[in-house]
Structure formats: C-alpha cells, structure tokens
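Listed in order, the protein sequences are those of chains A and B. My numbering applies: residue 150 is where the first sequence begins, and numbers increase by one. My numbering applies: residue 5 is where the second sequence begins, and numbers increase by one. Using N, Cα and C, we set each Cβ at its ideal position, and we do this for glycine too. To start, the structure itself, in structure tokens.
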Amino acid sequence: MLYDVIVAGSGAAGTWAAFGAARLGLKTLVVDVGLQPKPERRLEQNIFELRRTDINQRQYLIGDEYESLHNLYQPYLSPKLKAPRYRYVIAEPEASMRIKKEGFDALQSFAYGGLASAWGAGTYRYDDDDLRKFPFTASELDPYYDAITREIGITGTQDDLQEHFGSTAGLQTPLKLDRLAQRLLNTYQRKKKYYNARGIKLGYPRLAILSRALGDRTACAYDNLSFWQPQLPSIYSPAMTLDQLLRDKKIEYLRDHLVIRYSESDTEVSVETLSLKTKTKTLLKTRRFILAAGALNSAKIVLRSHDDYQTQLPLLENPTSMVPLVSPWHIGQPVERQSHGLIQLNLIYQRAPGEEKVQASIYGYSSPLGSDAGMNFPLAIKAVMASCKYVLPSMLIVQLFYADSQKPGNYVQLASDQRLVTRYEKRKNLGKVEGEIIRTFLRAGLVSHSRLVQYPPPGNGIHYAGTLPMTEDSTRPYTTTPQGRLAKSQKVYVADASIFPCLPAKNHTLTIMANALRTAYNVAETLRP
Amino acid sequence: MTESIGDSPSLKPRHIQDDELGQELQRFCDQFAHCVPDPELLAAYRCANAKVFAHAAGQEHEEQKIILRKALAAKRDLEALEYAWRLGCHDNILTKKVHIFMYLLETSPDHYNKFVNESKQRTTAYVVLGFQGLRSALKLCKGYISLISLRAGV
Numbered sequence: 150m151l152y153d154v155i156v157a158g159s160g161a162a163g164t165w166a167a168f169g170a171a172r173l174g175l176k177t178l179v180v181d182v183g184l185q186p187k188p189e190r191r192l193e194q195n196i197f198e199l200r201r202t203d204i205n206q207r208q209y210l211i212g213d214e215y216e217s218l219h220n221l222y223q224p225y226l227s228p229k230l231k232a233p234r235y236r237y238v239i240a241e242p243e244a245s246m247r248i249k250k251e252g253f254d255a256l257q258s259f260a261y262g263g264l265a266s267a268w269g270a271g272t273y274r275y276d277d278d279d280l281r282k283f284p285f286t287a288s289e290l291d292p293y294y295d296a297i298t299r300e301i302g303i304t305g306t307q308d309d310l311q312e313h314f315g316s317t318a319g320l321q322t323p324l325k326l327d328r329l330a331q332r333l334l335n336t337y338q339r340k341k342k343y344y345n346a347r348g349i350k351l352g353y354p355r356l357a358i359l360s361r362a363l364g365d366r367t368a369c370a371y372d373n374l375s376f377w378q379p380q381l382p383s384i385y386s387p388a389m390t391l392d393q394l395l396r397d398k399k400i401e402y403l404r405d406h407l408v409i410r411y412s413e414s415d416t417e418v419s420v421e422t423l424s425l426k427t428k429t430k431t432l433l434k435t436r437r438f439i440l441a442a443g444a445l446n447s448a449k450i451v452l453r454s455h456d457d458y459q460t461q462l463p464l465l466e467n468p469t470s471m472v473p474l475v476s477p478w479h480i481g482q483p484v485e486r487q488s489h490g491l492i493q494l495n496l497i498y499q500r501a502p503g504e505e506k507v508q509a510s511i512y513g514y515s516s517p518l519g520s521d522a523g524m525n526f527p528l529a530i531k532a533v534m535a536s537c538k539y540v541l542p543s544m545l546i547v548q549l550f551y552a553d554s555q556k557p558g559n560y561v562q563l564a565s566d567q568r569l570v571t572r573y574e575k576r577k578n579l580g581k582v583e584g585e586i587i588r589t590f591l592r593a594g595l596v597s598h599s600r601l602v603q604y605p606p607p608g609n610g611i612h613y614a615g616t617l618p619m620t621e622d623s624t625r626p627y628t629t630t631p632q633g634r635l636a637k638s639q640k641v642y643v644a645d646a647s648i649f650p651c652l653p654a655k656n657h658t659l660t661i662m663a664n665a666l667r668t669a670y671n672v673a674e675t676l677r678p
Numbered sequence: 005m006t007e008s009i010g011d012s013p014s015l016k017p018r019h020i021q022d023d024e025l026g027q028e029l030q031r032f033c034d035q036f037a038h039c040v041p042d043p044e045l046l047a048a049y050r051c052a053n054a055k056v057f058a059h060a061a062g063q064e065h066e067e068q069k070i071i072l073r074k075a076l077a078a079k080r081d082l083e084a085l086e087y088a089w090r091l092g093c094h095d096n097i098l099t100k101k102v103h104i105f106m107y108l109l110e111t112s113p114d115h116y117n118k119f120v121n122e123s124k125q126r127t128t129a130y131v132v133l134g135f136q137g138l139r140s141a142l143k144l145c146k147g148y149i150s151l152i153s154l155r156a157g158v
C-alpha cells in the first residue's frame, strides 16, 4: 500500500503533522512505539484526601517498582516524570538502543503522545525576536497558533507578558492562582515600576489546561493530581488529538513499530520499521515522509539512513536553574489543597532592550512529596520533617530557562554501534540572573540565598532542538528548507524541534505543534495534482 | 502502625531484630518517627534498598557500609551522624537510607500529619522550626565528632 504521508512519532509534532495531513484529505499513517500507561484505577479524589486515607497510596506515589526513588540518584529528573504512573512516558524499549550520554542527560519518549504526555502544559507563541534566526516570521505562524489554540484550549490573559507571549485571541480565562502566587502578583502590580526597572515582568502563564469545559473535556478540578495521574481531561495532551483522529478514522496508526531508516527513490520513500513484538522488519511505502520523532530520534533516523558515523549535528537545549523562594509570612499556613499544581506565574527577565531574555516558570509546592525537596534543607532530619510540614507550603520555585544557540562542543553523532551519542558542554556564567531575582523578590517578602539555587546538569531542561536546523541555503546537508524539507531530499520532511536554528528561552511545544501543522500544509502543496 | 511503647527489645517483633536492614529500620523508627516498624514497612524498606543499592559497589561504598555498621553496633546518634555526613557528602549510604525511610513514612496515612499541615499554625511553626534549627546545630557538632571517630581505622 502506498500512503500519501507517513509520520514517524506521535508527540506534539507527529500528532499535529498528522492532524494537518488528515484535514487536507491525505492518506496518513502514523508509525509509533506508542507506550501507554498501565491500566490502573484512576485517581479521582484530591491528592491530600488520598494521602490522608488511602492505605495503598504507595502504589501510585512511590510505585510497585519503587520508581519514585529515582530521586535518590536522579535528583534533577522532573517530579512528574519520576511519578510511577508517568514512568511510561520515558520508558525505553530495548530495541530503541539507548543514547550514549556524554555530559547530557538526554531523555526521549516512546509514549503514545510523546513527552507532552507529562509536560507542564506551558504554551507560548514565539515572537519575531524569538524567530530572528528562523526563515519565517511570527505572522506566518499565527494562523497555526490560532487553530491550535481553538482546538486544545489555552488559558491566559492580557497582562505585562502579552508582548512576549503574543495574541490573546481565543484564550480561556486564567486558572485560579495559589494564594502565595496571587500575593506575589498583587505585590508586583503595586510596585510594577520597581520590578520593571530591574528588567522583570510578571504575569499569568499560558497553559493548555482548561478553566472551562471544551468538547468532552472537563475543566480543571484543582485536585493536585497533575503530578500523579496521567491523562487528566483538563490538561491537553497530543494523545487526545490522536484519539480523536483515530475515532474519526482520519488516520491509520501502526503501534509497536520503531522507525529505523528510510530510503528515497524518484517516486516514493521506503520506510523501514522494526516491530517490537515480532522483531521483524517491515518496509512501508509513502509519497512523503515526515520525521517527527523528536530532535534526537529524528537525527538518529537521518544519520542511519545515510550510514553516516562522522557528521556531528548541532544540539540545543534550554539550560535551566531553580531558585527556591520562601515567604516567612506564610510559614505555618495550611497546605494548598485546591491547586492545579503546575505553573502559577511566568516571569520574563531582560536587563536591557536587546540583551538576552530569560523566561521563568513559577511553581508552588503543593503536589510533589515533601521528601523530594526536604533533603535539600541543610538541617537535621527531624528539622527536615518539620520544614516539609511548615515551610514547603510557603515556598515558590522559580525555574529559569535560558536561550541556546549552536556551539561546536554541543552535538549529536551516530556511533559505530548505531547508538546516538550526545555531547554537551555545561554552560558557564549562570548565577547572575538568579542573584538579581533573589535580590528583587526580597522586596516582595520572599527570601532565598544563592547557595540554595540548583543548576541541573545539561539535558534536564528537556527542551531539545536544533539537530537538523532550518536555513535558507538548501544545499547544506542535514539542514531543512523553510518549508521543512530535508536538504538534498525531495520527499522527506522534518516537523519536530530538529528544525530550530536557535532555541529561545521559552517552552517550545506550541511552536513545535504550529510548525508541524505548517509543514503538513507544505507537504500537501507538493502532492497537489 | 502503632505508636512506640518503649525501647525495650522484648517489645519489638522478633523478625525485625534479626537482620541488618531490620536493625536499621528499627533505629530509624525509634529516632525519627517514634513508631514501631510493622512487617509491611519492613518489606517495603527491604525492597526499596534492593532497588536503590542494586548496582552500588566499589571501595567507597564498602567503606561507607563499614561506618554504618559500626554506628549501628555502637548505637550512635544516627540523626547527628547523617546530618554531618550529608553536609560533607550528600551521596552517602546513610543519607540514602534515611531518604528511603522518609519516602516510606510520608506515604503512610499514619504519618500524614508529620508531613502535611492542614491548619493555620504560624506560632507553632516558628517555635518548632526555631527549636529544630538550634537542635540541628548541636546535632551537627555531635555528628562531626561521631563521623571522625567512626572513620578512624576504616
């Protein structure tokens, strides 16, 4: 059978490339490993009610295989990915041939819906400043951003961050803030001149979490379950769009198959896949092939297809740091029972116009276990336990993301054993912005110290990109054209973050979706009779 | 799980006293949670240790194991020892074991109130944290002395 389009991967990019291709009437197949969560009793109550009463809570808080204890040796892994019911998102089938990590804690997902099955739901539009190295402008992406906003439901509002986050058209009203975040926002609004003079702007996040029902999805229940229960109806995941496409019979889906390589002829692309169940290889035929397996996997497939063990492809990631801020006034306040548990506020730091922007997500500490953070308090154990009880509800975590651009020391390469090697040099000179934030927020009654700031090693930001960057020059190998076509190829396209020539300091998932949709439209153009 | 009714060995379940992990758990329960470890907690502690230390090896790990054994045998103050050890090197066997214990304790409804505050208690919080801060300073001194003496000869 000859498909119009085969899409490799079902994450944010694969799903929206398939969505676009299906909408345009193309015969579309998604090839995917498609790991799913185990069928288990869904958690329905508030997490604190469960923790207070459920004698079986270790099953989903620690895990039957003690998954959560990864924190003891992987302290920088996102608390969500550490949770037992989310472990499927980063589980790696043996046949996937694990990445050789050299200075880069690379994560990859083979889950149905990809890494966005466990994301923080931050959805930010890139502006022209973010896209200055891309061969297209923000206005070209806007129709795709708008379409996706309508489909998935995004909350947000007009505030000081609108100039960075883009149009508010079609947004749902923001989610209710935790009391500490609300207090910080109130303080900011009262003393805006002071914060703005120090390069700080604060506002509501753009989140793909519903504040009111959309279709058959219900609004956020503020039950603190987001860290423990996958597939909550209020939090968007690409798996929801895939389910819809499959229910409507708009696409075909081949599960348990890993794309190994492809080859191209004048008329078609042959895609070689490996069945993880039968260990047999299959050759699929398509008129256009869209790579959407993630920046690392797509690079691996392309290098394997060319049997290239020499070329080093660039690797981008948002370096990240975490600043804990404690409000002494809130010490001893009750825990925040009614919370969605994800990003409360966003912050943009830009010392002067033209200087590098840093974006931060501000979280409360309500959903994760106290034991995740407690051992970082420089106190004896009984004091640590008292701090978990009395201090954590008065704490905000500011997670900073820095922009990244191509550097010679940061790359991926195919090793002779067919595994991908990732190398990344740790970014130096972090700490200035963190110090500035600590000093500035002291004015809001939030206390911290530079020694408490954590700098996760490279790879833990999880926003990977740039392995097959987009350029205007279509003669350079291992780059992509502005339409998303792989250079020196006629029928292979790339729709994921591989195409990013630089990585702005923003969660890139919404832009991945928008560009994947755009790529699908570009592919459809080439298939018109 | 029931509250502690004393430190008398005769009151502790026999199977818990019999092995090394059982002894550790017993000491942790006595010192950090004032409770008696039940079989379910012991089973969970055993499995968690097996998982976390599955690939632990090397000279440093063996030395740390010896220090921990000596500390248990000499009935040293484990809270003080762990604190001093953690400040010097976070990646040590005792801190990991105490961390496992914390996780298991926190995920038991019996100990919910040790980790979660559901009412406004600002004064209590300040008094408790102030006391624990001072206590931590004393524990640190005691822990350093303990750690130095235990390391001698290892």
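Taking residue i as the reference, give the member of the options with the closest Cα.
i	options	result
residue 64 of chain B	B:112, B:42 and B:95	B:95
residue 588 of chain A	A:573, A:344, A:478 and A:251	A:344
residue 266 of chain A	A:524, A:198 and A:390	A:390
residue 501 of chain A	A:310, A:303 and A:348	A:348
residue 301 of chain A	A:618, A:667, A:663 and A:549	A:663
residue 409 of chain A	A:614, A:668 and A:245	A:245
residue 263 of chain A	A:392, A:436 and A:162	A:162
residue 282 of chain A	A:597, A:665 and A:554	A:554
residue 251 of chain A	A:606, A:351 and A:174	A:606
residue 286 of chain A	A:667, A:677, A:319 and A:628	A:667
residue 621 of chain A	A:650, A:460, A:447 and A:453	A:650
residue 383 of chain A	A:499, A:363 and A:200	A:363
residue 113 of chain A	A:204, A:623, A:600 and A:591	Residue 113 of chain A lies beyond the range of chain A shown here (150 to 678); nothing can be said about it.
residue 670 of chain A	A:151, A:158, A:159 and A:173	A:173
residue 32 of chain B	B:156, B:75 and B:126	B:75
Using beta-carbon positions only, say whether residue i and residue j come within less than 8 Å of one another.
i	j	result
residue 438 of chain A	residue 179 of chain A	no
residue 426 of chain A	residue 405 of chain A	yes
residue 652 of chain A	residue 466 of chain A	yes
residue 182 of chain A	residue 435 of chain A	no
residue 569 of chain A	residue 249 of chain A	yes
residue 140 of chain B	residue 80 of chain B	no
residue 445 of chain A	residue 547 of chain A	no
residue 108 of chain B	residue 48 of chain B	yes
residue 194 of chain A	residue 372 of chain A	yes
So residue i is in the alpha helix (DSSP H); what residue range does that whole segment cover?
i	result
residue 88 of chain B	82-92
residue 68 of chain B	63-77
residue 102 of chain B	97-110
residue 131 of chain B	126-155
Just checking: is the beta-carbon of residue i within a distance shorter than 8 Å of some beta-carbon in chain A?
i	result
residue 70 of chain B	no
residue 96 of chain B	no
residue 13 of chain B	For residue 13 of chain B, the pLDDT reaches just 44, beneath the cut-off of 50, and the residue's location in the model is therefore unreliable, leaving the point undetermined.
residue 40 of chain B	no
residue 126 of chain B	yes
residue 86 of chain B	yes
residue 153 of chain B	no
residue 48 of chain B	yes
residue 33 of chain B	no
residue 130 of chain B	yes
Can you name the start and end residues of the beta strand (DSSP E) that residue i belongs to?
i	result
residue 521 of chain A	Not the beta strand (DSSP E): residue 521 of chain A falls in the alpha helix (DSSP H), residues 519-523.
residue 250 of chain A	249-251
residue 422 of chain A	418-424
residue 157 of chain A	151-157
residue 471 of chain A	469-475
So, is the C-beta of residue i closer than 8 Å to a C-beta in chain B?
i	result
residue 176 of chain A	no
residue 443 of chain A	no
residue 535 of chain A	yes
residue 371 of chain A	no
residue 488 of chain A	no
residue 519 of chain A	yes
residue 524 of chain A	yes
Mind listing, in chain order, the continuous beta strand (DSSP E) runs of no fewer than 3 residues lying wholly within the region 582-651 of chain A?
-> Segments of the beta strand (DSSP E) lying fully in the region 582-651 of chain A: 641-643.
Quick one: complete alpha helix (DSSP H) runs, 4+ long, within the region 252-326 of chain A?
-> Within the region 252-326 of chain A, complete alpha helix (DSSP H) segments of at least 4 residues are found at 287-301 and 311-314, given in chain order.
Contained beta strand (DSSP E) runs [length at least 3] in the region 514-575 of chain A, N- to C-terminal order | Here the runs fully enclosed are 544-551, 560-563 and 569-572.
Which runs of the beta strand (DSSP E), 3 residues or longer, sit entirely within the region 347-422 of chain A?
-> Qualifying beta strand (DSSP E) stretches, in chain order: 349-352, 401-403 and 406-413.
Complete alpha helix (DSSP H) runs within the region 27-68 of chain B (minimum length 4 residues, chain order) = Within the region 27-68 of chain B, the complete alpha helix (DSSP H) runs of at least 4 residues are 43-56.
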